[in-house]
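Taking it in order: structure first as C-alpha cells, then the write-up.
There are 2 protein chains.
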Amino acid sequence: MQKKITTIKDIAESCGVSMTTVSLVLNHRPNNVSLATKEKIIRTADECDYRPNGIARSLATKKSNTIGVIVPDISNSFFSDSVKSMQIELDKHGYTVLLCNSEEQFANDVKYIKLLSNRQVDGLILTVSAETMADNQWTTVRDLISSLKIPTVLYDRFFPGDQPKVYVDNTQGAYELTKHLIENGHKEIGLITGPLDLIGTQGRLAGVQKALKEAGLSIKKEHIVNATYDIDSGRQGAKKLLGKVSAIFAFNDMQAYGVLDSARERHMLIPRDVSLVGFDDIFYSAVLDMRLTTVSQPVKEMTKALCSLLVRAIEDHATANDEISIPGTLVKRDSVRTI
Amino acid sequence: MQKKITTIKDIAESCGVSMTTVSLVLNHRPNNVSLATKEKIIRTADECDYRPNGIARSLATKKSNTIGVIVPDISNSFFSDSVKSMQIELDKHGYTVLLCNSEEQFANDVKYIKLLSNRQVDGLILTVSAETMADNQWTTVRDLISSLKIPTVLYDRFFPGDQPKVYVDNTQGAYELTKHLIENGHKEIGLITGPLDLIGTQGRLAGVQKALKEAGLSIKKEHIVNATYDIDSGRQGAKKLLGKVSAIFAFNDMQAYGVLDSARERHMLIPRDVSLVGFDDIFYSAVLDMRLTTVSQPVKEMTKALCSLLVRAIEDHATANDEISIPGTLVKRDSVRTI
DNA sequence: TTGTACGCGTTATCAC
DNA sequence: GTGATAACGCGTACAA
C-alpha cells in the first residue's frame, strides 16, 4: 500500500528535493530549477493528483482569494441575477464568492460583515438591508466597514460617505418613466415607493418630481404610498390606489407584480383600467402575461464595473472612492395605455 | 500611539499570560483558569476588538466551516430559493456558503468541485449540470467526488450511485399533474420534457405514463418535445404543440413561461385555447397574470433535510448514503380548463 | 541550481 | 492553574 501523497513535503521527499524547489515549480514562479527535476516534480504531482491546501496557502500569503457578498434577499431576481454575474466575473480574477443573505435585517448585516472579515475575505460587496438604512443604523455599518480596512464596494443601495459604490441612476430612470406616463396622457399618477431611508428611493422620487414639474403637474399626497420593496407592498399599495389614479408607478417590479395580483382579484385589467410601470426589469417582467413597462437595470454592466473596481482596489491597494452611476433604460412594453 | 492588538499572541503579551491560556478562555473551553486572569483576558480582547483569524484557525483545526454549493444557474428561481434556504439553514450550524454557478457546463462542474476541494470545504452540495448528465460524463464527476472524501449531497439532479441525495418525488408529482389534466377531460396532451439524461426527467416521464396507462390513454410520439429546462425550450415546444393538443405539460415552470409567451404572440389564450401545467412552482408562478397550475417543490423542506443530512455526515463522520425523496404538492390554479 | 529556516495565527499535547 | 512546544501546510528571504 503506497503512502498517499498530499502535501508539498510529501512530493519533496518523494522526489528527493527540497520543499522550496517543489513550491517554486508548482506555482510556476521564475526559477532556475533544472528541467529534469522540474519535470520529475510535475510528473509526481500529477500522478498523485496533488492539490495545494488553499487554507494553508492563504495563511502564508495573507490572501484568501475570496470575496464576501451580502445581499438582502437572493430570492429576489434582481439580486440573484446580480450575484450570478458577480460570481462569474470574480471567477475570472480567481476569486470565489462567500454568500450571505441579510434578510433585510440590520443585525445580520453586522453579523455577516464581521463573520466575513474573520474569514479574511479579500473584498466585500454589500447591499445594505432596508432596516440598516432606517433609524440611522447605517452609521454603525459604515464605521464598521471602514474600521475593518477591507476593500468594500456598496451595490445598489448605499449611504452617504466616501465608500465606493455602484448603482443605477435612479433619478434619470424614474424621470424617463414618469415622462413616458405623462406623454401618454396620464395626469393622475399614483406612487408606491420603497423605504424613504434608501437613497435610491429618494433618487427615484426626485426623478418623478422633476418630470412632473416640467409638465406643470403635481401629485396628491394621498396618492403616494410609502412601502417596502416586496410584493405585498404592491398589493397593499394597489388597495389604496386602484380606482383613484389612471397610472401607478411601482418603485420596483416586485411591487408591480403585487399590483398586478390585486388588480386581477378585482377583475380590473391592465392597462385598460389602470396603467402600470415598475423599476428593475427583472427577468420575469418580459415574460409575464402582462408584459411590464419598466426601467431596465443594467445588471451585467453594473456588476462588471463593480468587480473590476473591487479587484483593482484589492490588487493595487488603491483606496478608490469611486461612485459609479449607470443609466437605466426605459423598456416600453404593454402595461401603459394612451389616454 | 498604542500598538494595535490583533492576535492571541498580542493579548497574551499584554496580559502577561501564555497564549494557551488566552486561547482556552476566548474559546470558552473547559479550563481551570482563575477568574481574575479570565476576566482580564476577556476585557482586553474586548477592548481591542480582537477577532480570531479564521484562516489560521481552520488550518489548525482542519475545519473550514464552509460548505461549497454548486448550482447550474442561480438566476433560476428554483435554485435561488434553494440557495437562500441552504444559506440560512447552514448558518444555524456555523457554516458559510461558497457559491459557484456551473452554467450547465460539465467543465465547470469539474473545475468548481476541485476548486472548492482545494479551499477545504467541509461539505459539498451539488446540482450537476445538464451537460454532465449527458454522454455519461457523470461518471467522471461521481468518481471525482468519491475520490475527494468530502461529504457530498446531490440536490435535485443526481446520477446512479450511493451518494446521498435529496430530491422531489418526480414520478408522483408528474402523475398527479397528469391525472389532474385527464380528470379535466384532456385526452390529447403535449409534453415538453427536460433532458432525458436527467433522472428527474425520467421520473416525470414515468409519472405521466403511469397516469395515462391508468386512464387507458396514450400519447403520440410527435406530441413529445425533448428539450432543456429553460424558457426558450418552452417557446420552441409551444411552436410544435400549439393547435395540436388540448393541454401542454411543461416539465418545469420556466418552460411553461415560454409557452405562455408564445401563446400570447399568437393571440391564443390560456386556458381557453390550450391548458398548461408546469413543475416546480417557482415564486412567480403564483403571481403571473396567468396563475399557473403546477407541482410545488417543497424547497424549504428539501433543503432542511439536505442540510441536516450533510451536517450530520460532517460532524459524525458518518458516511450516510441516504436517499431522500420528498413528495411535491399539486397546486391547482387557473391555467387548466375543463373540457 | 538547490536547501535551510522561519513566519503566518491558531489549536493541541503534555509537562510543570 | 499555567506555560512551553509542536503541529497545521505553504511561501519566501537568505544562505550555500
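Chains as they are written, first to last, in the numbering used here: chain F, 1 to 339; chain W, 340 to 678.
The beta carbon of each residue, even a glycine, is placed where N, CA and C say it ideally should be.
- Query: Just how far apart, CA to CA, sit phenylalanine 406/F and serine 486/W?
  - Reply: In the structure displayed, chain F extends from 1 to 339; residue 406/F sits before or after that span and is not available.
- Query: Does any CB atom of chain W fall closer than 8 Å to the CB of cysteine 48/F?
  - Reply: Position 48 of the first sequence, counted from the start, is the residue given in the question as residue 48/F. So, not an interface residue.
- Taking only the alpha-carbon atoms, compute the straight-line gap between leucine 24/F and phenylalanine 159/F and give it to the nearest angstrom. Position 24 of the first sequence, counted from the first residue, corresponds to residue 24/F. Position 159 of the first sequence, counted from the first residue, corresponds to residue 159/F. In a straight line, the C-alpha of leucine 24/F is about 45 Å away from that of phenylalanine 159/F.
- Item | When Asn252/F, Asn170/F, Arg29/F, Lys40/F are compared against serine 233/F, the one with the closest alpha-carbon | The sequence position of residue 233/F within the first sequence is 233, counting from 1. Closest option to serine 233/F, judged by alpha-carbon separation, among Asn252/F, Asn170/F, Arg29/F, Lys40/F: Asn252/F.
- Between alanine 130/F and threonine 228/F, is the Cβ-Cβ spacing less than 8 Å? The residue labelled residue 130/F in the question sits at position 130 within the first sequence. The residue labelled residue 228/F in the question sits at position 228 within the first sequence. Contact: yes.
- Task: Compare the C-beta of serine 674/W with all C-beta atoms of chain F and state if any pair is closer than 8 Å.
- Result: Translated into positions along the second sequence, residue 674/W becomes position 335. Cβ-Cβ to chain F under 8 Å: no for serine 674/W.
- Grouping DSSP H, G and I as helix and E and B as strand, with all else coil, what is asparagine 475/W? Indexing the second sequence from 1 puts residue 475/W at position 136. Three-state result, asparagine 475/W: helix.
- Please list, in chain order, all residues of the same chain as alanine 206/F whose beta carbon is under 7 Å from its beta carbon, the five residues on each side excluded. Along the first sequence, one-based indexing puts residue 206/F at 206. Only Thr171 meet the Cβ criterion.
- Task: Go ahead and pull the three-state DSSP assignment for lysine 504/W.
- Result: The residue labelled residue 504/W in the question sits at position 165 within the second sequence. The answer is strand: DSSP assigns lysine 504/W an E or B state.
- Spell out whether any CB of chain F is found under 8 Å from the CB atom of tyrosine 494/W. As a working mapping, residue 494/W is identified with position 155 in the second sequence. Tyrosine 494/W does not count as touching chain F.
- Query: Are arginine 630/W and aspartate 600/W closer than 8 Å when you measure CB to CB?
  - Reply: Position 291 of the second sequence, counted from the start, is the residue given in the question as residue 630/W. Position 261 of the second sequence, counted from the start, is the residue given in the question as residue 600/W. No, they are not a contact pair.
- Note down, in chain order, all residues in the stretch 456 to 473 of chain W with a beta-carbon under 7 Å from any beta-carbon belonging to chain F. Of all residues in the stretch 456 to 473 of chain W, Ser456, Asn457, Arg458, Gln459 have a Cβ within less than 7 Å of some Cβ in chain F.
- Completely contained beta strand (DSSP E) runs for the stretch 21 to 102 of chain F, where each covers 3 or more residues: Within the stretch 21 to 102 of chain F, the complete beta strand (DSSP E) segments at least 3 residues long are 66 to 71, 96 to 101, listed from N- to C-terminus.
- Determine the extent of the beta strand (DSSP E) in which tyrosine 596/W is found, giving its start and end residues. Here residue 596/W refers to the residue found at position 257 when the second sequence is read from its first residue. No beta strand (DSSP E) contains tyrosine 596/W, which is instead part of the alpha helix (DSSP H) from 592 to 604.
- What residues match up with threonine 293/F in a beta bridge as DSSP calls it? Translated into positions along the first sequence, residue 293/F becomes position 293. Paired residue(s): Val277/F.
- Message: For valine 372/W, which residues in the same chain have their Cβ closer than 7 Å to its Cβ, ignoring the five residues on either side in sequence?
- Response: Translated into the one-based positions of the second sequence, residue 372/W becomes position 33. Short of 7 Å from the beta carbon of valine 372/W, and not among the five residues preceding or following it, lie these beta carbons of its own chain, in chain order: Thr360, Leu363, Val364.
- Message: Could you pull the DSSP bridge partners for phenylalanine 249/F from this structure?
- Response: Along the first sequence, one-based indexing puts residue 249/F at 249. The partner list for phenylalanine 249/F (beta bridge, DSSP) reads Leu191/F, Val277/F.
- Query: Do leucine 580/W and valine 634/W have their C-beta atoms closer together than 8 Å?
  - Reply: The sequence position of residue 580/W within the second sequence is 241, counting from 1. The sequence position of residue 634/W within the second sequence is 295, counting from 1. Result no, Cβ atoms of leucine 580/W and valine 634/W do not sit closer than 8 Å.
- Message: Taking the alpha carbon of serine 416/W as the reference point, which residue from Asp501/W, Lys402/W, Gln636/W, Thr677/W has its own alpha carbon closest?
- Response: Start at 1 with the first residue of the second sequence, and residue 416/W comes out as number 77. Serine 416/W has its Cα closest to that of Gln636/W, out of Asp501/W, Lys402/W, Gln636/W, Thr677/W.
- Who are the Cβ neighbours of isoleucine 570/W in its own chain at under 8 Å, not counting the five residues just before and after it? By 1-based counting over the second sequence, the position of residue 570/W is 231. Within the same chain, isoleucine 570/W has close Cβ partners Met593, Gln594, Tyr596, Gly597, Asp600.
- Task: Buried or exposed for glutamate 222/F, please, with buried defined as at least 16 other CB atoms from any protein chain shown within 10 angstroms of its CB.
- Result: As a position in the first sequence, residue 222/F is number 222, starting the count at 1. By the 10 Å Cβ count, glutamate 222/F comes out exposed.
- What residues in the stretch 37 to 66 of chain F have a beta carbon less than 7 Å from any beta carbon of chain W? Taking 7 Å as the Cβ-Cβ cut-off against chain W, the residues of the stretch 37 to 66 of chain F that qualify are Arg51, Pro52, Asn53, Gly54, Ile55, Ala56, Ser58, Leu59, Ser64.
- Coil, strand or helix - methionine 1/F by DSSP: Within the first sequence, the letter at position 1 stands for residue 1/F. Residue placement at methionine 1/F is flagged as unreliable, the pLDDT there being 32, under the threshold of 50; a coordinate-derived value is accordingly withheld.
- Please determine if the stretch 135 to 155 of chain F and the stretch 408 to 425 of chain W are in contact, where contact requires at least 3 C-beta pairs separated by less than 8 Å. No, because fewer than three Cβ pairs between the stretch 135 to 155 of chain F and the stretch 408 to 425 of chain W fall closer than 8 Å, the two stretches do not touch.
- Length of the line joining the Cα atoms of isoleucine 678/W and isoleucine 528/W: For the purposes of this step, residue 678/W is identified with residue 339 of the second sequence, where counting begins at 1. For the purposes of this step, residue 528/W is identified with residue 189 of the second sequence, where counting begins at 1. Each residue's alpha carbon lies about 13 Å from the other.
- Message: Spatial neighbours of isoleucine 8/F within its chain, please: C-beta separation below 7 Å, excluding the five flanking residues on both sides.
- Response: Position 8 of the first sequence, counting from 1, holds the residue named residue 8/F. Here the set comprises Met19, Val22, Ser23.
- Query: Any Cβ of chain W within less than 8 Å of the Cβ of methionine 1/F?
  - Reply: The residue you call residue 1/F lines up with position 1 of the first sequence. Because the pLDDT at methionine 1/F is just 32, under 50, the model does not fix this residue reliably, and the point stays unresolved.
- Pairwise C-alpha distance: tyrosine 95/F and isoleucine 11/F: Translated into the one-based positions of the first sequence, residue 11/F becomes position 11. Translated into the one-based positions of the first sequence, residue 95/F becomes position 95. It is roughly 27 Å from the alpha-carbon of isoleucine 11/F to the alpha-carbon of tyrosine 95/F.
- Message: Do valine 168/F and methionine 302/F count as a contact pair if the criterion is CB distance below 8 Å?
- Response: Sequence index remark: in the first sequence, residue 302/F carries index 302 (1-based). Sequence index remark: in the first sequence, residue 168/F carries index 168 (1-based). Methionine 302/F is a Cβ neighbour of valine 168/F, given a cutoff of 8 Å.
- Task: Answer with yes or no whether the minimum CB distance from isoleucine 74/F to chain W is below 8 Å.
- Result: Counting from 1 along the first sequence, the entry for residue 74/F is found at position 74. It does; some Cβ of chain W falls within 8 Å.
- Task: Would you please verify whether the beta carbon of aspartate 261/F is less than 8 Å from any beta carbon of chain W?
- Result: Indexing the first sequence from 1 puts residue 261/F at position 261. Closer than 8 Å: yes.
- Task: Tell me, please, whether the stretch 614 to 628 of chain W touches the stretch 272 to 290 of chain F by the rule of three or more beta-carbon pairs shorter than 8 Å.
- Result: Output reads yes: the stretch 272 to 290 of chain F touches the stretch 614 to 628 of chain W.
- If we count Cβ pairs, one from each stretch, closer than 8 Å, do we get three or more for the stretch 457 to 475 of chain W versus the stretch 43 to 55 of chain F? A contact is defined here as three or more CB-CB pairs under 8 Å, and the stretch 457 to 475 of chain W meets this definition with respect to the stretch 43 to 55 of chain F.
- Query: Would a C-beta distance cut-off of 8 Å place glycine 667/W and glycine 512/W closer than the cut-off?
  - Reply: Against the second sequence, residue 667/W aligns to sequence position 328. Against the second sequence, residue 512/W aligns to sequence position 173. Yes, the pair counts as a contact, with Cβ atoms nearer than the cut-off.
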